[in-house]
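In what follows, a single structure is set out as structure tokens and then discussed.
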Amino acid sequence: MERKNHQLELFDDSFTQDAVFQKAEPRIDVVKMNYDVAQSLSWKDLFSGFDTLFAITYSSGLNFINKLLDLFSHAEIIFGCESVMNYSLQEVMAFQGNLIERIRNNRSIQQEKLLSRIDQNEVKLFVARSQISHEKLYLLSASDGRKRVIMGSANMSYTAFAGHQRENVCYLDGDEAYNWYYDVFCSLKENSSDEISHKALTLADMEEHLDDLPISETVKTRKALVLEPVFDMNQEIEFILDTRRCANEMRPYAPKKEKKTGKISISPEHIIQMRRHIVEESVKKKEQRSEFPELIVNVFDSTVSLNGTPLDLNPAKEDIRRDVELFLKYMKGYENFHGDYLGMQYRYFEFANWFFCSPFMATMRDMAARYDQNRLPYPVFGLVYGQSKAGKTSFLETLLKMMIGQKPKVAAQDFTRSSIENLKRTVKGAPIIVDDMINTRFNQHAIETIKTDDFGVADHLVNYSAVVISANEDVKAVSPEVIRRTVICRVEAGLTNTEVMKSNVVRSVQREIGTAFYRAYLSRMLVELQPFIESMKDDDSESAPDILQLSSEIIVSIIKEYAEPPAYIRRLSLENYFSEQVTGKHAINSIRTAWKTSRKSFHVDKKNNELRYNAGAPYEVDRLMKELPETLEARKSRDWVVLNLSAAVDFFQIEFNATGVFSKFFRNN
């Protein structure tokens, strides 16, 4: 029997109907057998009387393995992974490390015996590094020439071979079947697995010895290794994750195990109670969805739905024109504000660009995780803070109205890490706005939530919402670990109380503006994003695809079709959000202002290449140090900030000298 190199993946999306008619159907290896008889055997009856064992298993019982190995003078076992995996490097290393730790932690006399037999080359253990066959296979041979193949659904465990559950177990005796399956085993061992060494089984902590993992040893021996990750299992992965999520939701209401027997007794009342609790939870979720709508953006199918209804992504041009004109009217209203209103328009447009783009971020982060790319270019947190009466809340409401036609938000006092993560699992797509957060709650809850930057990654979630926090000026500064994960908009302009009362622009715009502009934006994003998605699969790519740049280009192009864009509506990139000049802008302005007005607060030490600035109070020093980049080598000395002078000249664009003249660059800007 010849083993051919063909595979068939059920429900593989790569096979279209056209392809099926144009090409021959893929083929799989099928072994034709003849039924002889059904027997009732113990596992010892089945395995005894042979000298060597070659096996492929998935889940396994270590005690059973030790018992089974006692029957053979030589054995080789390949351990495959039963979980759904993409077989990327990090997943392979995690699986191999966990398997070795499981074997190592099974300390016993049998364990020492196993290590001894590995040293004597009597036992060899291998662990998968790629998607191997789904076969559970046991090849037995004896010195007198007898051979047996055992196959079916049974893994190497007591549960499978002691009759505790139904298994499909078959065996064939003879050379022909054995030789064919032995070729299968050897091929998998050579091409898809790595040997587990004695050293790996005796190390105390695999996390500190990743270079001793089986795959690492293979790389050392071969000098190079090529992995072929599997990324066409989306439906299978999603099904498993959905099942786990449903089970987790039901767990609090399910009957518990009895302490004495360990069994679960189920009565009709249990089912009735579970149903009642689950219905109540479902009602709560529907209430949440009515307050926080579901915007599902499917990048791969190029479809968008709102609360289960498909969106029309080809709105009428007149409707788009109306939305563009109303948005520009709204932004022009900031010209009546006191303070840096022009800077406010620039910052607000940057934030609007990210806000509109945010429903795509979960997909981009999932792709980055799958293909070992950086997730930081795809932020899912935004912070608008600064001067009061700056229109922060109405600005966010207007953006949300343009996206989904509604303007829901969460009160700041309801914000905790657990509450937000629960909302992100319920709410889809549209950003969750947390309004009017004070500094204390921001420090207690928001910072830790933002720093935990792995939400949705393990579960491959692709439609969770971004979180937008608005706060007043009592949030003085933002720490570096938050800055690099958050789109930050600091505003320094506002209205007086009476001007706020008299203004009617916000209400009129919010009443009239629709979703046509945003639907046109989504239509173009879904088309233009496809090459970005493909480029993330390229291992040789030197930079992450800049989705914020793409988003801004699409916004500008739409607006240009209906109006002349103001200067602040322009092409953006990651630099506009995360460059040191942007994230440290407030610190730059503070130092420049102090240099102009309070020269005595500075001490320039050119000999030691130091710049010292007296900020007036320790808390002001702390605030500045949060916003200054590492290149300045900033350190604190009571009320003073001590900086590297050369780096400070470049960063602040100030010639710090006796005359205190600004550099040519700063004068021209």
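Numbering (our numbering), first residue to last: 4 to 672.
For glycine and all other residues, C-beta sits at the position ideal for the given N, C-alpha and C.
Sequence-distant residues of its chain with Cβ nearer than 7 Å to Gly497 (five each side left out): Phe340, His341, Gly342, Gln390, Ser391, Lys392, Ala393
Neighbourhood of Gly619 by C-beta, 8 Å cutoff - its chain only, sequence neighbours within 5 removed: Answer for Gly619: Ser604, Asp642, listed in chain order.
Contact under 8 Å by Cβ, Val126 with Arg132: no
Contact the region 507-519 vs the region 310-322: 3+ CB pairs below 8 Å: With contact defined as three or more Cβ pairs closer than 8 Å, the region 507-519 and the region 310-322 are in contact.
The beta strand (DSSP E) enclosing Lys639, as first and last residue numbers: 638-640
Range covered by the alpha helix (DSSP H) that runs through Ile486: Run containing Ile486: 483-486, per the alpha helix (DSSP H) assignment.
CB of Phe659 within 8 Å of CB of Val585, strictly: no
Simplified DSSP assignment, three categories, for Ala22: Its pLDDT being 42, under 50, Ala22 is placed unreliably by the model, and the measurement read from it follows with that caveat. If DSSP states are grouped into helix, strand and coil, Ala22 belongs with the helices.
Uninterrupted beta strand (DSSP E) stretches inside the region 343-367 (no shorter than 3 residues): none
Within 8 Å, strictly: CB atoms of Val465 and Asp375: no
Within the region 531-605, ranges of the alpha helix (DSSP H) (whole runs, at least 4 residues): 550-563, 578-581, 583-586, 588-600
Whole-angstrom distance between Val430 and Val652, CA atom to CA atom: Between Val652 and Val430, the C-alpha separation is close to 47 Å.
C-alpha gap between Asn301 and Arg373, whole angstroms: 17 Å
Top-ranked residue by Cα proximity to Leu614, from Glu623, Tyr580, Leu635, His77: Leu635
Buried or exposed by the 16-neighbour rule on C-beta atoms within 10 Å, applied to Cys1: This structure gives no information on residue 1, because the portion of the chain shown stretches from 4 to 672.
As assigned by DSSP and simplified to three states, the class of His77: strand
Endpoints, alpha helix (DSSP H) assigned at Leu399: 395-407
Local conformation of Pro621 per DSSP, three classes: In the structure shown, Pro621 sits in a helix (DSSP, three-state: H, G or I).
Thr489, buried or exposed, once every other Cβ within 10 Å from all chains shown has been counted against 16: buried
Cβ contact (3+ pairs, closer than 8 Å) linking the region 591-598 and the region 348-357: no
Identified DSSP bridge partners for Ala131: Looking at the DSSP output, Ala131 shares a beta bridge with Ser196.
Supposed close pair Lys550, Phe363 - CB separation, criterion 8 Å: Correcting the residue identity first, residue 550 is Ile in this sequence and not Lys. Indeed, because the Cβ distance is near 6 Å, the residues count as touching under 8 Å.
Asp197, buried or exposed, once every other Cβ within 10 Å from all chains shown has been counted against 16: buried
Bounding residues of the alpha helix (DSSP H) (the contiguous stretch that carries Arg151): Counting along the chain, Arg151 falls outside any alpha helix (DSSP H), though it belongs to the beta strand (DSSP E) covering 150-155.
Neighbourhood of Lys395 by C-beta, 7 Å cutoff - its chain only, sequence neighbours within 5 removed: Val387, Ser473, Val494
C-beta contact flag for Leu676 and Met159 at 8 Å: It is not possible to answer for residue 676, since the shown part of the chain is limited to 4 through 672.
Per-residue DSSP class, three states only, for Cys492: strand
Integer Cβ distance of Tyr467 from Lys427, believed to fall under 8 Å: Right, the Cβ-Cβ distance comes to about 4 Å (below 8 Å), so this counts as a contact.
Buried versus exposed, by CB contacts within 10 Å (16 or more), Ile436: Within 10 angstroms of the beta-carbon of Ile436 lie 16 or more other beta-carbons, which makes it buried.
Coarse secondary structure for Thr662, derived from DSSP in three states: Model confidence at Thr662 stands at a pLDDT of 44, short of 50, so the residue's coordinates are unreliable and nothing is read from them.
Paired residues, beta bridge with Asn37 - DSSP: DSSP lists no partner for Asn37.
Close Cβ partners of Glu531 (< 7 Å) along its chain, the five nearest in sequence each way excluded: Leu553, Ile557
Whole-Å CB distance - Ile407 paired with Pro296, under 8 Å assumed: 5 Å
Bridge-paired residues (DSSP) for Thr306: DSSP output for Thr306 lists Asn301 as bridge partner(s).
Beta-carbon separation (whole angstroms), Ile199 vs Ile81, contact threshold 8 Å: Contact flag wrong, Cβ pair sits at about 10 Å.
Under 8 Å between C-beta atoms of Val485 and Pro434: no
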